[in-house]
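Just so you know, the UniProt record's numbering puts 52 at position 52 of the sequence shown, and the rest follows in order with no gaps. Quick reminder that beta carbons are idealized off the backbone N, C-alpha and C, glycines included. Below: the structure, in structure tokens.
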Amino acid sequence: MADAGSGRSSSAGLAERRRADLTDAAFDVFVEDGYERAAVTEIARRAGMGQGTLYRYVGGKRELLELVFDRCVDELIAAVAPDELVDIVAGDDDVVPQQVIDQLGERLFRLVDQKPGLLKIITVQAGAVDEELRYRIQSLVHTFDSMIGRALDEAAKKGVGGLGTKEKDRLLARLLPALVLPGMTTALTGEGDADRRNSYVEATGQLLRHGIAAKARN
């Protein structure tokens, strides 16, 4: 007699694999065609199933976008490893803000190189769909704000970086990712050679050291 529990486990495993296949296919189609123009039939075809089978595993295109968005966020957080960056600043080594900015830029550019469509999904496609996804994008921004804010707090304990007050440091935490973003968007335009990208990251550090932070200390 077949084990009923084993059968349920096998069925659940199949469903997870099918949803993963659909998420892969949906990512590619959304990047190529955009969410509005993306056809469910094309997503099903690329996932190796019929449209009817697709609806056994997801409710439709909107749910697929949620799955794609969630995966992109997971990959972004894993690539940046925010807790690791904070630990670098909090460590015993004499870490300067430029080193942290270099690390952040390197990790973001590596991810965009490996998966350039990820940036398009998070910054363009998902935000254009509805209020719920825009709210989730805002939550992602707040996550990065918090990470950079923690790094600035640790730097301030060492007497480096920061603008002198927690309120100003919170504003700086919001500003730094925006300064790196133009360099990341070069991946979407095909203009992102290594030297040009490095110049964005270096300029961000220089602006922090000699512009924003220097003015705040004077």
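query                                                                                                                                                 : result
Check whether the stretch 102-120 and the stretch 79-87 are in contact - that is, three or more C-beta pairs closer than 8 Å.                         : yes
In terms of residues, what are the limits of the alpha helix (DSSP H) holding TYR57?                                                                  : 51-57
Do you know whose CA, among ASP21, PHE27, LEU22, LEU14, lies nearest ALA115's CA?                                                                     : Ala is not the amino acid found at residue 115; the sequence shown has Lys there. Here the closest residue by C-alpha is PHE27.
Can you check which of these residues, ALA12, SER199, PHE144, is closest to GLY76 by C-alpha distance?                                                : A quick correction: the sequence has Leu, not Gly, at residue 76. That would be PHE144, whose Cα lies nearest to the Cα of LEU76.
What's the gap between the Cα of ARG217 and the Cα of GLU131?                                                                                         : Below a pLDDT of 50, predicted positions are generally treated as unreliable, and ARG217, at 47, falls in that range; the measurement from the model is reported next regardless. Going by the C-alpha atoms only, they are around 40 Å apart.
At the level of alpha carbons, what is the spacing between ARG71 and SER11?                                                                           : 22 Å
For PRO116, report the span of its alpha helix (DSSP H) as first-last.                                                                                : It is not in any alpha helix (DSSP H) - PRO116 carries neither H nor E in the DSSP assignment.
Hey, could you find the ends of the alpha helix (DSSP H) ASP74 is sitting in?                                                                         : 61-80
Using 7 Å as the threshold, is the C-beta distance between LEU64 and VAL58 below it?                                                                  : yes
Quick one: residues in its chain with C-beta nearer than 8 Å to the C-beta of ILE122, no 5 flanking neighbours on either side, listed in chain order? : PHE69, CYS72, VAL73, LEU76, ILE137, LEU140
For my contact list, LEU85 and ALA151 are in at a C-beta cut-off of 8 Å; report their separation, rounded to the angstrom.                            : 6 Å
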